[in-house]
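Engineer: Have a look at this one.
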Amino acid sequence: MDDAIKLIFDVMAFASIMVLVVSGLAVIASLMGIFNLGHGEFVLLGAYTVFLFREWGLPIWLGMMVAPFVVGAFGAGVERTVIRRLYAQPVIAMLATYAIGLIIREIVRGLIGGQYYAIEEPLSGSFQLGGISFSVWRTVIIFATVATMIAAWMFLTRSRTGLQIRGALENPALARASGVSTPKLYSVTFAMGAALAGLAGALMVPLFSLSADLGVRFLVQAFLSVMLGGIGTFIGPVAGGGMIGAMVPGFQWLREIPGVAEQVSPVMAEVLVFVTALIIVKFWPNGLFSAGRR
Amino acid sequence: MAASGTKKPRRVMLILEILILIGLLVVPLVTSDFHTIIATRMLLLAMLAISFDLCWGYSGIMTFGQALFFGVAGYVAALLANKAGYVQIWGIVPICMLVGLVSSFLIGWFLLLGKRTPTIIFVALGTLTASYAAERLVAGWQWVGAGNGMSVWDFMKVGSYELEPGPVFYYVILGFLIVAYIASRWMVRSQLGLVLAGMRQNEERLAFFGYRVQRFKALVFSFSGMIAGLSGGLYAFHEGFIGPGSMGIGLSTYAVLYGLFGGVGTLLGPILGVGAIETIAFILSDIDALKPYWPVILGVIMLIVVAYRPTGIMGLIVTDRERIGSFGYRGGGEPDAGGKDAKEDTDGTA
Chain H
464 MDDAIKLIFD
474 VMAFASIMVL
484 VVSGLAVIAS
494 LMGIFNLGHG
504 EFVLLGAYTV
514 FLFREWGLPI
524 WLGMMVAPFV
534 VGAFGAGVER
544 TVIRRLYAQP
554 VIAMLATYAI
564 GLIIREIVRG
574 LIGGQYYAIE
584 EPLSGSFQLG
594 GISFSVWRTV
604 IIFATVATMI
614 AAWMFLTRSR
624 TGLQIRGALE
634 NPALARASGV
644 STPKLYSVTF
654 AMGAALAGLA
664 GALMVPLFSL
674 SADLGVRFLV
684 QAFLSVMLGG
694 IGTFIGPVAG
704 GGMIGAMVPG
714 FQWLREIPGV
724 AEQVSPVMAE
734 VLVFVTALII
744 VKFWPNGLFS
754 AGRR
Chain D
138 MAASGTKKPR
148 RVMLILEILI
158 LIGLLVVPLV
168 TSDFHTIIAT
178 RMLLLAMLAI
188 SFDLCWGYSG
198 IMTFGQALFF
208 GVAGYVAALL
218 ANKAGYVQIW
228 GIVPICMLVG
238 LVSSFLIGWF
248 LLLGKRTPTI
258 IFVALGTLTA
268 SYAAERLVAG
278 WQWVGAGNGM
288 SVWDFMKVGS
298 YELEPGPVFY
308 YVILGFLIVA
318 YIASRWMVRS
328 QLGLVLAGMR
338 QNEERLAFFG
348 YRVQRFKALV
358 FSFSGMIAGL
368 SGGLYAFHEG
378 FIGPGSMGIG
388 LSTYAVLYGL
398 FGGVGTLLGP
408 ILGVGAIETI
418 AFILSDIDAL
428 KPYWPVILGV
438 IMLIVVAYRP
448 TGIMGLIVTD
458 RERIGSFGYR
468 GGGEPDAGGK
478 DAKEDTDGTA
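Those protein sequences? They're chains H and D, same order as listed. Basically the numbering used here = 1-based index in the first sequence + 463. Basically the numbering used here = 1-based index in the second sequence + 137.
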């Protein structure tokens, strides 16, 4: 029983990271119709910011606080210079984001020299609750995710800008006709999506080690999450991200069942996640949670 | 014949084709063996780039996983040589083409032939995922050499003649490239190509006309996979090595880059793209300071091409009208009239 609770807790921590990554991707994709292929590299950039802070001898937690703003600002810059020119051609914009991702990935690879770096948790150790010990850092991740999601939800449903974003999502032409500046909204949204990726990257570095190819893995998983959850709703991508995020460690733990470990290697388990997700998508092409729209 | 006046602009492309062919024919005569081997690698990559062009330039399938078929066929070739000791070119080539065809058909069937029309993004990321997963799988699989890949010690054989990397190998590969090019060219200039051109312009309208658009896409995708498989199998023998990197997103990205840089939808563009990018890479590889940042430069090139010059190098050389070209005649009817009709239909495409 204790093991089961611990397992659920750990799975939740990984799922939280994925929820953060996916929500950033989905908010851009649903509002602007551009699937940001550089999103994984935005995550990488968040992780790299934390790494830089450690290199400079500054506290890691400070790096984690700053990372979302750094990546958000970067996202805003990218939107201003490149994406804005390409709103009329979403597919071309997608290729451009892929190129941007490639540039970030290779610069980071050049800077860290193809190495893997482990970054320690700013709050290490564990605490006891009902006789079970929980990792402090994973708890922080879960709470940070929940808090961010609630904040995002409040922002979208309660604030004036949130209302405008929802309006622009529903009908961009009507939003413009009503005096809403959609380019400004797109800018804000893109920066917000990038910031979420940066936050996810910063929070997850202690769990994964930092390497240049980190982003690709997150892009692939985030894509599967969006496909699984369906796009256009708030809950869809979040739930999809949670599912994929839970499946990745979950499948690894399935190997604990006697006799499975010999048959299925860790890599195989990861690939099985992709296969499972793609098969689900094949049968529910609209995603599991889309509310009848698109 | 009679319509030669209206067909005049088409000649630039033809001249370019001939020039490139002559250029490729004389390469081994004027350079050292070392450079010939590098040129051979470029020809192999050019086949991969053509297969990407068939997907993206002609049928609107954004494939970020073209290297998957290249790599799978390469691994099959390496396994045949290492585990079964089979190196006869007459067997290797059809097997590799079949492997490429079957694997791309399976992926295409999964991604393209569904209940719902897949979006470009779904296909793009689906192929990316497949390529990424394949790379991960192979890198963790001891039997095929895991992360170190597999060396192929034996040379490919034609009868009892051993095909060593060098001028002879170069001409063999050039022969395959020409065959692949002509086959692709014939396909995209046939009536099938006309359907593809219509699809690019307005997929929905074609679907309303009764064309099963997704099946055409799956067909082209499988064909392109076959070409990628052919080049992958030959690549394994030429390099004497195949590794997980040859089927992952790295090489897939390169395929995209070659295509975009050279100019998609031309078949000739990807060849130029490979030539240009690989030549620059070769020159830059001597400059140590720039070496680690070469992929960054590639990314910047890709960004600039995508944002500012979507027609690539070919866009500088030939006109849009010629790039799109004309299409084969329907059976029966007067040939010239058919040709003109086809042209009028597609002149607006860009």
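We put the beta carbon where it would ideally sit given N, CA and C, even for glycine.
Return the Cβ separation of Ser383 (chain D) and Phe201 (chain D) in integer angstroms, given the expectation that the two are a contact with Cβ distance under 8 Å.
Structural biologist: In the second sequence, residue 383 (chain D) corresponds to position 246, counting from 1. In the second sequence, residue 201 (chain D) corresponds to position 64, counting from 1. Actually they are not in contact, since the Cβ atoms of Ser383 (chain D) and Phe201 (chain D) sit about 15 Å apart, beyond 8 Å.
Engineer: Using CA coordinates, which residue listed in D:Leu427, D:Ala392, D:Thr456, D:Gly462 is at the minimum distance from Met439 (chain D)?
Structural biologist: To locate residue 439 (chain D), count along the second sequence from 1; it is residue 302. Of D:Leu427, D:Ala392, D:Thr456, D:Gly462, the residue nearest in Cα terms is D:Ala392.
Engineer: Check the Cβ-Cβ distances between Met287 (chain D) and every residue of chain H, and say whether any is below 9 Å.
Structural biologist: Reading the second sequence from its first residue, position 150 is the one you call residue 287 (chain D). Chain H contact via Cβ: absent.
Engineer: Quick one: is Pro669 (chain H) buried, meaning 16 or more other Cβ sit within 10 Å of its Cβ, or exposed?
Structural biologist: Here residue 669 (chain H) corresponds to residue number 206 of the first sequence, with the count starting at 1. With 16 or more other Cβ atoms within 10 Å, it is buried.
Engineer: Does Gly642 (chain H) come within less than 9 Å of chain D when only Cβ atoms are used?
Structural biologist: Position 179 of the first sequence holds residue 642 (chain H). Not closer than 9 Å to any Cβ of chain D, the Cβ of Gly642 (chain H) fails to qualify, so no.
Engineer: Taking 9 Å as the threshold (C-beta atoms), are Gly535 (chain H) and Ala654 (chain H) in contact?
Structural biologist: By one-based count along the first sequence, residue 654 (chain H) stands at place 191. By one-based count along the first sequence, residue 535 (chain H) stands at place 72. Against a cut-off of 9 Å, the Cβ pair of Gly535 (chain H) and Ala654 (chain H) comes out as a contact.
Engineer: Would you mind listing the beta strand (DSSP E) stretches within the stretch 223-296 of chain D that are 3+ residues and don't spill past its ends, in chain order?
Structural biologist: The qualifying runs are 293-295.
Engineer: In angstroms with no decimal places, state the Cα-to-Cα distance between Arg629 (chain H) and Leu619 (chain H).
Structural biologist: Stepping through the first sequence from its first residue, residue 629 (chain H) is reached at position 166. Stepping through the first sequence from its first residue, residue 619 (chain H) is reached at position 156. Straight-line spacing of the CA atoms in Arg629 (chain H) and Leu619 (chain H) works out to 7 Å.
Engineer: Please list, in chain order, the chain H residues whose beta carbon lies closer than 7 Å to that of Tyr348 (chain D).
Structural biologist: Taking the second sequence and counting its residues from 1, one reaches residue 348 (chain D) at position 211. Correct list: empty, because the minimum Cβ distance to chain H is about 21 Å.
Engineer: From Gly142 (chain D) to Pro635 (chain H), what distance separates their C-alpha atoms?
Structural biologist: Within the second sequence, numbered from 1, the residue matching residue 142 (chain D) stands at position 5. Within the first sequence, numbered from 1, the residue matching residue 635 (chain H) stands at position 172. Residue confidence for Gly142 (chain D) is low, a pLDDT of 45 falling below 50, so the modelled location carries little weight; the figure read from the coordinates is stated next. Those two C-alpha atoms are separated by around 48 Å.
Engineer: Would you identify the three-state DSSP class for Leu619 (chain H), choosing helix, strand or coil?
Structural biologist: Along the first sequence, read from residue 1 onward, the residue named residue 619 (chain H) stands at position 156. Helix, per DSSP.
Engineer: With distances taken from CA atoms, which of D:Met234, D:Leu262, D:Arg342 is nearest Ser368 (chain D)?
Structural biologist: To locate residue 368 (chain D), count along the second sequence from 1; it is residue 231. Answer by Cα proximity: D:Met234.
Engineer: State the start and end residues of the unbroken beta strand (DSSP E) segment that holds Gly341 (chain D).
Structural biologist: Position 204 of the second sequence, counted from the start, is the residue given in the question as residue 341 (chain D). Per the sequence shown, the amino acid found at residue 341 (chain D) is Glu instead of Gly. Unbroken run through Glu341 (chain D) is the alpha helix (DSSP H), 340-345; no beta strand (DSSP E).
Engineer: For Gln351 (chain D), name the three-state secondary structure that DSSP assigns.
Structural biologist: On the second sequence, residue 351 (chain D) is found 214 positions in, with the first residue counted as 1. In the structure shown, Gln351 (chain D) sits in a helix (DSSP, three-state: H, G or I).
Engineer: Between the stretch 561-581 of chain H and chain D, which residues of the former have CB atoms less than 7 Å from a CB of the latter, in chain order?
Structural biologist: Ala562, Ile563, Leu565, Ile566, Glu569, Ile570, Gly573
Engineer: Over the uninterrupted beta strand (DSSP E) stretch that includes Glu299 (chain D), give me the two end residues.
Structural biologist: Here residue 299 (chain D) is taken as the residue at index 162 of the second sequence, counted from 1. Segment 298-300, the beta strand (DSSP E) holding Glu299 (chain D).
Engineer: Measuring only the C-alpha atoms, how far is Trp616 (chain H) from Ser650 (chain H)?
Structural biologist: Here residue 616 (chain H) refers to the residue found at position 153 when the first sequence is read from its first residue. Here residue 650 (chain H) refers to the residue found at position 187 when the first sequence is read from its first residue. The alpha-carbon atoms of Trp616 (chain H) and Ser650 (chain H) are separated by roughly 19 Å.
Engineer: If you count every other CB in all the chains shown that lies within 10 Å of the CB of Phe606 (chain H), and 16 or more means buried, which is it?
Structural biologist: Here the question's residue 606 (chain H) lines up with position 143 in the first sequence. Burial call: exposed.
Engineer: Can you confirm whether Ile555 (chain H), when its beta carbon is compared against all beta carbons of chain D, has any partner nearer than 9 Å?
Structural biologist: The sequence position of residue 555 (chain H) within the first sequence is 92, counting from 1. At least one chain D Cβ lies under 9 Å of Ile555 (chain H).
Engineer: Could you please tell me which residues of the stretch 180-197 of chain D, in chain order, have their CB closer than 8 Å to any CB of chain H?
Structural biologist: none
Engineer: I'd like to know whether the C-beta atoms of Leu751 (chain H) and Ile743 (chain H) end up nearer to each other than 9 Å.
Structural biologist: Position 288 of the first sequence, counted from the start, is the residue given in the question as residue 751 (chain H). Position 280 of the first sequence, counted from the start, is the residue given in the question as residue 743 (chain H). Yes, they are a contact pair.
Engineer: How about Pro407 (chain D): is its C-beta nearer than 9 Å to some C-beta of chain H?
Structural biologist: For the purposes of this step, residue 407 (chain D) is taken as residue 270 along the second sequence, with counting starting at 1. Judged by the 9 Å Cβ criterion, Pro407 (chain D) is not in contact with chain H.
Engineer: Taking Cβ-Cβ distances below 8 Å as the criterion, which residues of the stretch 671-692 of chain H are in contact with chain D?
Structural biologist: Taking 8 Å as the Cβ-Cβ cut-off against chain D, the residues of the stretch 671-692 of chain H that qualify are Val679, Arg680, Leu682, Val683, Phe686, Leu687, Met690.
Engineer: Per the DSSP calculation, Ile420 (chain D) is bridged to which residue(s)?
Structural biologist: Residue 420 (chain D) sits at position 283 when you count from the first residue of the second sequence. Partner(s): none; Ile420 (chain D) has no beta bridge.
Engineer: Return no unless some Cβ of chain D is closer than 9 Å to the Cβ of Ser728 (chain H).
Structural biologist: For this step, residue 728 (chain H) is matched to residue 265 along the first sequence. It does; some Cβ of chain D falls within 9 Å.
Engineer: Does any residue of chain D bring its CB to less than 9 Å from the CB of Leu619 (chain H)?
Structural biologist: Within the first sequence, the letter at position 156 stands for residue 619 (chain H). For Leu619 (chain H), the answer is no, since every Cβ of chain D falls outside 9 Å of its Cβ.
Engineer: Do the CB positions of Val571 (chain H) and Ala559 (chain H) come within less than 9 Å of each other?
Structural biologist: Here residue 571 (chain H) refers to the residue found at position 108 of the first sequence. Here residue 559 (chain H) refers to the residue found at position 96 of the first sequence. Cβ distance not < 9 Å, so Val571 (chain H) and Ala559 (chain H) don't count as in contact.
Engineer: Whose C-alpha, out of D:Val437, D:Leu427, D:Pro407, D:Val289, is nearest the C-alpha of Arg322 (chain D)?
Structural biologist: In the second sequence, the residue the question calls residue 322 (chain D) occupies position 185. Selected option, being the one with the closest Cα: D:Pro407.
Engineer: Can you have a look at Ser644 (chain H) and say buried or exposed, based on whether 16 or more other CB atoms are within 10 angstroms of its CB?
Structural biologist: Numbered from 1 along the first sequence, position 181 holds the residue referred to as residue 644 (chain H). Per the 10 Å Cβ criterion, exposed.
Engineer: Quick check on the DSSP output: what are the complete alpha helix (DSSP H) runs of length 4 or more inside the stretch 517-584 of chain H, in order along the chain?
Structural biologist: Listed in chain order, they are 523-544, 553-575.
Engineer: Counting only runs that start and end within the stretch 376-453 of chain D, where is the alpha helix (DSSP H) found for 4 or more residues in a row?
Structural biologist: 386-399, 405-421, 431-445
Engineer: Quick one: what's Ile595 (chain H) bridged to in DSSP?
Structural biologist: As a working mapping, residue 595 (chain H) is identified with position 132 in the first sequence. Answer by DSSP bridge pairing, in chain order: H:Leu592.
Engineer: Beta carbon of Ala204 (chain D), beta carbon of Ser389 (chain D): below 9 Å?
Structural biologist: For the purposes of this step, residue 204 (chain D) is identified with residue 67 of the second sequence, where counting begins at 1. For the purposes of this step, residue 389 (chain D) is identified with residue 252 of the second sequence, where counting begins at 1. Yes; because the gap between Cβ atoms is below 9 Å, this pair is in contact.
Engineer: Give me whichever residues DSSP pairs with Leu673 (chain H) in a beta bridge.
Structural biologist: Walking along the first sequence from the start, residue 673 (chain H) turns up at place 210. Paired residues: H:Tyr580.
Engineer: For the stretch 472-502 of chain H, list every residue whose C-beta sits within 7 Å of some C-beta in chain D, in sequence order.
Structural biologist: Those residues of the stretch 472-502 of chain H that come within reach of chain D (Cβ to Cβ, closer than 7 Å) are Phe498.
Engineer: Please compile the residues from chain D whose C-beta is within a distance smaller than 8 Å of the C-beta of Val506 (chain H).
Structural biologist: In the first sequence, counting from the first residue as 1, residue 506 (chain H) sits at position 43. Per Cβ cutoff of 8 Å: no residues; Val506 (chain H) is ~15 Å from chain D at best.
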